[in-house]
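*Asks:* In terms of the UniProt record's numbering, the sequence shown is residues 1 to 83.
Even for Gly, the Cβ is constructed at its ideal location relative to N, Cα and C.
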Amino acid sequence: MARMTVEEIYRGEKYDVMSVATADYLMNGLPAEYDERTRLDMLLVKHALIAAEKMKNEGDTVSGMTDDMSSSSYVRWNENDNA
Numbered sequence: 001m002a003r004m005t006v007e008e009i010y011r012g013e014k015y016d017v018m019s020v021a022t023a024d025y026l027m028n029g030l031p032a033e034y035d036e037r038t039r040l041d042m043l044l045v046k047h048a049l050i051a052a053e054k055m056k057n058e059g060d061t062v063s064g065m066t067d068d069m070s071s072s073s074y075v076r077w078n079e080n081d082n083a
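(1) Measure the CB-CB distance between M18 and D60 and report whether it falls below 8 Å.
(2) Alpha carbon to alpha carbon, how far is S63 from G12?
(3) Does the distance from the CB of L43 to the CB of Y15 come in under 8 Å?
(4) Given a cut-off of 8 Å, decide if L49 and R39 are closer than it, judged by their beta-carbon atoms.
(5) Flag this pair as yes or no: are the beta carbons of M1 and E53 separated by less than 8 Å?
Next comes the structure, spelled out in structure tokens:
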């Protein structure tokens, strides 16, 4: 059971979603019906869901994210936004 950051899930040793998705892409190629970016996005989602299931089974949790904190570095919440 571990508390992990999103970065650790994305690039860390235990789940390494990015490397697994890239390996899947390189091994299976690009189907004709997808452009490269769409295919990579789909593989990242696929392997993130697989990692989430593994995390659930192992009791791992995500640290550093709360409901009042944006998961994107480009979005900033301002308490006056709802005014």
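*Replies:* According to the structure shown:
(1) For the 8 Å CB-CB criterion, M18 and D60 do not form a contact.
(2) Between S63 and G12, the C-alpha separation is close to 14 Å.
(3) Their beta carbons are not under 8 Å apart, which means L43 does not touch Y15 by this criterion.
(4) Taking 8 Å as the Cβ cut-off, R39 and L49 do not qualify as a contacting pair.
(5) In this structure, E53 does not lie closer than 8 Å to M1 by Cβ.
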